[in-house]
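Visitor:
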Amino acid sequence: MTYVYLLGGRTVIPPGPRVPALVQTARFMAAAPSAFEAYHRRYGPIFTVRYAGFPPEVYVTTAELAEQVYRTDQGGGHAGAARRDFLAHLVGEHSVLTLDGDPWWRHRKTLNPPLRAKQVAGYHDDIAAIAAEKIASWPLGRPFALRDRMQEITLEIIIRLIFGISDAERVGRLRALLPALIQTGGSMQVAMLPDRLRGPAARVPITPYARFLRLRAAVDTILFDEIRRRRGTSGGTDVLGRLLDTGLDDQEIRDELITMLSAGHETTATGLAWAFERILRMPEVLERLPDDEPYLNAVVKEVLRVRPVVYEAPRLLDSPLRLGDYEIPAGWYAGPYIPLVHRDPAAFAEPGAFRPERFLTEHQNRGWMPFGGGRRFCVGAQLALLEMRVIIREVLRRLELAAPDQAPEARRLANVTLAPARLTRVIARARTPARTE
Ligand code: HEM
127 MTYVYLLGGR
137 TVIPPGPRVP
147 ALVQTARFMA
157 AAPSAFEAYH
167 RRYGPIFTVR
177 YAGFPPEVYV
187 TTAELAEQVY
197 RTDQGGGHAG
207 AARRDFLAHL
217 VGEHSVLTLD
227 GDPWWRHRKT
237 LNPPLRAKQV
247 AGYHDDIAAI
257 AAEKIASWPL
267 GRPFALRDRM
277 QEITLEIIIR
287 LIFGISDAER
297 VGRLRALLPA
307 LIQTGGSMQV
317 AMLPDRLRGP
327 AARVPITPYA
337 RFLRLRAAVD
347 TILFDEIRRR
357 RGTSGGTDVL
367 GRLLDTGLDD
377 QEIRDELITM
387 LSAGHETTAT
397 GLAWAFERIL
407 RMPEVLERLP
417 DDEPYLNAVV
427 KEVLRVRPVV
437 YEAPRLLDSP
447 LRLGDYEIPA
457 GWYAGPYIPL
467 VHRDPAAFAE
477 PGAFRPERFL
487 TEHQNRGWMP
497 FGGGRRFCVG
507 AQLALLEMRV
517 IIREVLRRLE
527 LAAPDQAPEA
537 RRLANVTLAP
547 ARLTRVIARA
557 RTPARTE
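Start counting the sequence shown at 127; every next residue gets the next number (our numbering).
(1) Residues in its own chain within less than 8 Å of proline 286 by CB, not counting five upstream and five downstream?
(2) Please list, in chain order, all residues of the same chain as glutamate 282 whose beta carbon is under 6 Å from its beta carbon, the five residues on each side excluded.
(3) Please state the DSSP three-state secondary structure of leucine 398.
(4) If you draw a straight line from the alpha carbon of leucine 216 to that of leucine 527, how long is it in whole angstroms?
(5) For tyrosine 452, which beta-bridge partners are listed by DSSP?
(6) Going by DSSP, what residues sit across from histidine 204 in a beta bridge?
(7) Taking Cβ to Cβ, would you say valine 505 is nearer than 8 Å to phenylalanine 270?
(8) Would you grab the beta carbon distance between valine 195 and valine 186 for me? Rounded to a whole angstrom, and I think it's under 8 Å.
(9) For alanine 424, is the classification buried or exposed, using 16 other Cβ atoms within 10 angstroms of its Cβ as the cut-off for buried?
(10) Quick one: Cα of threonine 188 to Cα of arginine 537, how far?
(11) Given a threshold of 16 other Cβ atoms within 10 Å of its Cβ, counted over all protein chains shown, does methionine 495 qualify as buried or as exposed?
(12) If leucine 443 sits next to threonine 198, beta carbons under 8 Å apart, how far is it from one beta carbon to the other, in whole angstroms?
(13) Between which two residues does the alpha helix (DSSP H) containing alanine 336 stretch?
(14) How long is the line joining the alpha carbons of serine 388 and isoleucine 308, rounded to whole angstroms?
(15) Look up leucine 430 in the DSSP assignment and say whether it is helix, strand or coil.
(16) Measure the C-alpha to C-alpha separation of threonine 393 and arginine 433 and round it to an integer number of angstroms.
(17) For tyrosine 196, write down the residues that DSSP places opposite it in a beta bridge.
(18) Pick helix, strand or coil for phenylalanine 497, following the three-state DSSP scheme.
(19) Start and end of the alpha helix (DSSP H) containing proline 546?
(20) Taking only three categories from DSSP, how would you classify phenylalanine 154?
(21) Take every Cβ of the segment 396-416, pair it with every Cβ of the segment 501-518, and state whether three or more of those distances are shorter than 8 Å.
(22) Would leucine 319 and alanine 306 be called neighbours here (beta carbons separated by less than 8 Å)?
(23) Provide the residue span of the beta strand (DSSP E) that contains alanine 554, from first to last.
(24) Going straight from the alpha carbon of leucine 366 to that of tyrosine 249, what length do you get?
(25) Could you give the distance in angstroms between the alpha-carbon of proline 171 and the alpha-carbon of threonine 558?
(26) Flag valine 426 as yes when its Cβ comes closer than 7 Å to any non-hydrogen atom of the ligand HEM, and as no otherwise.
(27) Excluding the 5 residues flanking valine 330 on each side, which residues of the same chain have their C-beta closer than 8 Å to its C-beta?
(28) Can you tell me which of the three DSSP states isoleucine 291 falls into?
(29) Please name the residue, chosen from Arg555, Arg324, Pro146, that lies closest to proline 530 on a Cα-to-Cα basis.
(30) Quick check on DSSP: helix, strand or coil for alanine 460?
(31) Let me check you understand the geometry: is the CB of valine 222 closer than 7 Å to at least one non-hydrogen atom of the ligand HEM?
(32) Should glycine 498 be counted as a contact of the ligand HEM given a C-beta to heavy atom distance under 7 Å?
(33) Apart from the five residues on each side of it in sequence, which residues of its chain come closer than 7 Å, Cβ to Cβ, to glutamate 563?
(34) Which same chain residues end up closer than 6 Å to tyrosine 544 when comparing Cβ atoms and leaving out the 5 residues on each side of it in sequence?
(35) Within 10 angstroms of its Cβ, does leucine 104 collect 16 or more other Cβ (buried), or is it exposed?
The following block contains the structure:
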């Protein structure tokens, strides 16, 4: 079968649904994963989707095509511009998420060192202690949503290890403010509010945008205060301490702190929720956990392959991109649809099987992109992987978890992530005696 549309020998854009953009948008919001799978079956490995009010987006679904898209990070593709409209109100103008070109690199250079594997390894014991403290308060014997509990842990990690805040009163205020800020800031009513309506919305206190601004102001007061206070002291092992001497000003540091919060805490919590959603349905996997460290690492990677948290990593093109026989016009988005790239049989043997061993015995790097790729590869990947390993281990050492319903949970769209539809329902029982090292 060929997927090339040829018009008089001229190559054209990839095929895609022909219904109006509004209908495609509604379909995306109602049933994202199954809609993409249907497009893939119908149109092949590369297809065009149109969203109302935005440039068209070309999705690619093979490892090879994804690599070609990521190559545009060398020139021609802008990850920052692709995210700016949805994120700048929250993360600001000086965020590694929304910048491109030299300003992006200036920021990225400051974030890379404190988030390298070697550096974050120093957080191991703190992560374990935060997890242990939270796990001790989980309910026993009745079902609850694990994802919410995971989010409490990953939030605490950001507050204490990234922001470096330990003062109980401030920690308490941030615990209440940050989830509300991220939730309001990421909601459709706020993220999709056109620029020209922001001023009027800000003046009406009951609008979601006005509420978002109040929350942002309250969080900013705490963060700027903390940054100024810390400027007077030296160093610190938290990420904030390491950013203070890099030449970034207070506003730039504030923006990067909120960036790490918004990119790092829900994603990692959802990754953990999927890890338990999967392993609780696979006794043979669960049996080997948590003490076989290389296996645990491989399980985390395989979970992120079969249930990637972030489903796409688009680039906004400022010059045309040739992909095979197609040419994607400048001004369009191009990006991998990660769940399908992870099922590319050219990259993964038996892609439908849950086989952690592929990460133990084979050099399985090609096509694995839960953290995106190219130069914009997730800066927090090493921290996220460490958090997942440590938290899974701490949970399994203390508790026996079971899924009240063995049917797999569906994938549901939540902002830029695909989360378990029931937020990973579990029942916990104390493990007697608790396993220790
Ligand atoms: C399981 C957890 C996580 C997942 C699945 C994830 C996934 C991703 C993905 C797909 C991207 C886009 C990459 C691209 O466009 O090619 C990204 C970027 C980013 N992530 Fe993560 N992430 C996670 C955790 C974290 C954490 C813990 C942090 C910070 C502490 C973080 C900070 C960032 C930042 C700042 C960027 C933008 C990088 C840039 O544009 O240069 N992420 N992440």
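Yeah, the Cβ is synthetic: ideal placement off N, Cα and C, and Gly gets one too. Given the structure is predicted, the values throughout are model-derived calculations rather than measurements.
Guide: Here's the rundown:
(1) In the sequence shown, residue 286 corresponds to position 160, counting from 1. Strictly speaking, residue 286 in this sequence is arginine, with proline absent from that position. Correct list, in chain order: Asp252, Ile256, Ser292, Val297, Asp364.
(2) For the purposes of this step, residue 282 is identified with residue 156 of the sequence shown, where counting begins at 1. Cβ within range, chain order: Ile256.
(3) As a working note, residue 398 is residue 272 in the sequence shown. The answer is helix: DSSP assigns leucine 398 an H, G or I state.
(4) Taking the first residue of the sequence shown as position 1, residue 216 is located at position 90. Taking the first residue of the sequence shown as position 1, residue 527 is located at position 401. Their Cα atoms are separated by approximately 36 Å.
(5) Position 326 of the sequence shown, counted from the start, is the residue given in the question as residue 452. DSSP, once it has assigned bridges, lists Leu449 as partnering tyrosine 452.
(6) Along the sequence shown, one-based indexing puts residue 204 at 78. Its beta-bridge partners are Leu442.
(7) Numbered from 1 along the sequence shown, position 379 holds the residue referred to as residue 505. Numbered from 1 along the sequence shown, position 144 holds the residue referred to as residue 270. Result no, Cβ atoms of valine 505 and phenylalanine 270 do not sit closer than 8 Å.
(8) Translated into positions along the sequence shown, residue 195 becomes position 69. Translated into positions along the sequence shown, residue 186 becomes position 60. That pair is a contact at about 6 Å.
(9) The sequence position of residue 424 within the sequence shown is 298, counting from 1. Buried, because 16 or more other Cβ atoms sit within 10 Å of the Cβ of alanine 424.
(10) One-based indexing of the sequence shown puts residue 188 at position 62. One-based indexing of the sequence shown puts residue 537 at position 411. Threonine 188 and arginine 537: Cα-Cα distance of roughly 21 Å.
(11) Translated into the one-based positions of the sequence shown, residue 495 becomes position 369. Answer is buried; the Cβ neighbour count reaches 16.
(12) Taking the first residue of the sequence shown as 1, we reach residue 443 at position 317. Taking the first residue of the sequence shown as 1, we reach residue 198 at position 72. Sure, about 7 Å apart at Cβ, within 8 Å.
(13) Counted from its first residue, the sequence shown places residue 336 at position 210. That run of the alpha helix (DSSP H) goes 334-357.
(14) Sequence index remark: in the sequence shown, residue 388 carries index 262 (1-based). Sequence index remark: in the sequence shown, residue 308 carries index 182 (1-based). Using only the alpha carbons, I get a separation of about 7 Å.
(15) For the purposes of this step, residue 430 is identified with residue 304 of the sequence shown, where counting begins at 1. Shown here, leucine 430 sits in a helix according to DSSP, grouped into three states.
(16) Here residue 393 refers to the residue found at position 267 of the sequence shown. Here residue 433 refers to the residue found at position 307 of the sequence shown. When only Cα atoms are considered, threonine 393 and arginine 433 end up about 12 Å apart.
(17) In the sequence shown, the residue the question calls residue 196 occupies position 70. Note: tyrosine 196 sits in no beta bridge, so no partner.
(18) Start at 1 with the first residue of the sequence shown, and residue 497 comes out as number 371. Coil at phenylalanine 497, not helix or strand.
(19) Locating residue 546 in the sequence shown gives position 420, where the first residue counts as 1. Taken as a continuous stretch (DSSP letters only), proline 546 belongs to no alpha helix (DSSP H), being part of the beta strand (DSSP E) at 543-546.
(20) The sequence position of residue 154 within the sequence shown is 28, counting from 1. In the structure shown, phenylalanine 154 sits in a helix (DSSP, three-state: H, G or I).
(21) Between the segment 396-416 and the segment 501-518, the count of Cβ pairs shorter than 8 Å is three or higher; the stretches touch.
(22) One-based indexing of the sequence shown puts residue 319 at position 193. One-based indexing of the sequence shown puts residue 306 at position 180. Contact: no.
(23) Reading the sequence shown from its first residue, position 428 is the one you call residue 554. Judged by DSSP secondary structure, alanine 554 falls within the beta strand (DSSP E) whose first and last residues are 551-556.
(24) Residue mapping note: residue 366 aligns to position 240 of the sequence shown, counting from 1. Residue mapping note: residue 249 aligns to position 123 of the sequence shown, counting from 1. Counting only the Cα atoms, tyrosine 249 lies some 14 Å from leucine 366.
(25) Along the sequence shown, one-based indexing puts residue 171 at 45. Along the sequence shown, one-based indexing puts residue 558 at 432. Using only the alpha carbons, I get a separation of about 50 Å.
(26) Position 300 of the sequence shown, counted from the start, is the residue given in the question as residue 426. Checking every heavy atom of the ligand HEM against the Cβ of valine 426, none is found closer than 7 Å.
(27) The sequence position of residue 330 within the sequence shown is 204, counting from 1. Within the same chain, valine 330 has close Cβ partners Ala336.
(28) The count along the sequence shown starts at 1 and reaches residue 291 at position 165. DSSP places isoleucine 291 in coil when its eight states are reduced to three.
(29) For the purposes of this step, residue 530 is taken as residue 404 along the sequence shown, with counting starting at 1. Here the closest residue by C-alpha is Arg555.
(30) As a first step, residue 460 must be located in the sequence shown, where it is residue number 334. Alanine 460 falls in the strand class under three-state DSSP.
(31) Position 96 of the sequence shown, counted from the start, is the residue given in the question as residue 222. Distances from the CB of valine 222 to the heavy atoms of the ligand HEM include at least one below 7 Å.
(32) Working through the sequence shown from its first residue, we reach residue 498 at position 372. For the ligand HEM, at least one heavy atom lies less than 7 Å from the Cβ of glycine 498.
(33) If you number the sequence shown from 1, residue 563 lands on position 437. For glutamate 563, the predicted structure reports a pLDDT of 49, less than 50, and the residue's modelled location is therefore unreliable. A value from the coordinates is still provided. Within the same chain, glutamate 563 has no close Cβ partners at all.
(34) The residue given as residue 544 occupies position 418 in the sequence shown. The sequence given here places leucine at residue 544; tyrosine does not occur at that position. Counting only Cβ-Cβ distances below 6 Å, and skipping sequence neighbours, we find Tyr437, Arg537.
(35) Outside the displayed range of the chain (127 to 563) lies residue 104, so it cannot be described from this structure.
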